[in-house]
Amino acid sequence: MKKIFLIVLLLGTALLQAVAQQDAKAESILNKMAATYRQAGGISLTFGGTQRGKLLLKGDKFYLESGGIQTWFDGKTQWSYVAQNEEVNVSTPTPEEVQSVNPYALLTSYKKSFNYRYVGAKTRQGKRGQEIVLTPKASQDVKSITLNVKENGSPVYIAIQLQNGEKQEFQISSYQTGVNLPDATFRFNKQKYPQAEIIDLR
71 MKKIFLIVLL LGTALLQAVA QQDAKAESIL NKMAATYRQA GGISLTFGGT QRGKLLLKGD
131 KFYLESGGIQ TWFDGKTQWS YVAQNEEVNV STPTPEEVQS VNPYALLTSY KKSFNYRYVG
191 AKTRQGKRGQ EIVLTPKASQ DVKSITLNVK ENGSPVYIAI QLQNGEKQEF QISSYQTGVN
251 LPDATFRFNK QKYPQAEIID LR
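Structure representation (C-alpha cells):
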C-alpha cells in the first residue's frame, strides 16, 4: 500500500540529465524560496493537475489530502489513511520518502542532495514564474523535480518524475501563509477514525 501511495500521490517530471556545476540563478531562486518558507509560519495550499488536493505545512511537518488518501507527518512518524479500506499505515519514513510525498522537504536538502539548473521564465496555467529543474546526486526513487516559482518565492507549479516513469504535475491554485496550525494537525487522531485498522510498519 505504501508503494501505491507514493506512486499515486507524488509528483513526477520529464527525464533530465544531472549537472555537475550548480547554477547561480537557480540557487538564488531556491534560497529565496527556502527563506520565504521558513518565514511563512503555517502554510495552506490547494492544487490541481493530475491530482487535486490540499497540503498544510509547518516547518518539517505536513498534512496532505489527495486521491482518497490522507497523510499526516509530525516530523518523525507518518500516518497514511485510505478511506476506502479504513486502513492506516504507520511508518518512520526516510528523508527521500518524505520528499516524495511532500516536495517542500527538498528545501532543507537541495544544496546537499541535488544538482539544479535554471530553465527560464515560463507561464503555467496563466501564471508566470521562474523555472528550475533539480536532479538528485545519488540514486533514489525521485528522478527529477521541476519547480516554477513566483518572484515572491511562492510556488506556481511542482512536478516530480519517479524512476519507474510515473509522472504527476501539480498546479498551485491557492497559497496562504501565516495560517494557525496546531501540532495536532499533523498527527493521526484515532478518535476521529474509530473503525480504522492500524498497521504499524515501524
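One rule links them: number in my numbering = place in the sequence shown (from 1) + 70.
Heads up, the beta-carbon is just placed ideally off N, CA and C, and yes, glycines get one too.
Opening and closing residue of the beta strand (DSSP E) in which residue i lies
i    : result
R108 : It is not in any beta strand (DSSP E) - R108 instead sits in the alpha helix (DSSP H) that spans 94-109.
N159 : 157-161
L251 : Neither: L251 is in no beta strand (DSSP E) and is coded neither H nor E.
S114 : 112-119
Q231 : 225-232
T141 : 139-143
D270 : 267-270
Q154 : Counting along the chain, Q154 falls outside any beta strand (DSSP E), and DSSP gives it neither H nor E.
G123 : 123-128
DSSP three-state assignment for residue i, whether helix, strand or coil
i    : result
E166 : helix
Q210 : coil
Q261 : helix
Beta-carbon gap between residue i and residue j smaller than 7 angstroms
i    : j    : result
V212 : V189 : no
I96  : R187 : In the sequence on display, residue 96 carries Ala and not Ile. Yes. Within cutoff.
F256 : W142 : yes
S114 : Q246 : yes
L251 : G112 : yes
E135 : K124 : yes
Delimiting residues of the alpha helix (DSSP H) encompassing residue i
i    : result
Y180 : 180-183
Cβ of residue i within 7 angstroms of any chain C Cβ
i    : result
N250 : Absence of chain C from the displayed structure is noted, only one protein chain being present.
Contacts around residue i, its chain only, beta-carbon distance under 8 angstroms, and the 5 residues preceding and following it disregarded
i    : result
G138 : V152, A153, Q154
E156 : Y263, Q265, A266, E267
L271 : K72, N159, V160, S161
F258 : W142, W149, Y151, V158, V160
Cβ-based neighbour list, residue i, same chain, cut-off 7 angstroms, excluding 5 preceding and 5 following
i    : result
I268 : V158, V160
E226 : In the sequence as displayed, the identity of residue 226 is Val instead of Glu. Within the same chain, V226 has close Cβ partners R194, K197, G199, N218, V219, K220, I242.
Same chain only: Cβ atoms within 6 angstroms of residue i, ignoring 5 sequence neighbours per side
i    : result
G119 : E239, F240, Q241
Checklist entry - Should the region 178-186 be regarded as contacting the region 148-164, the criterion being three or more beta carbon pairs within less than 8 angstroms? => result no
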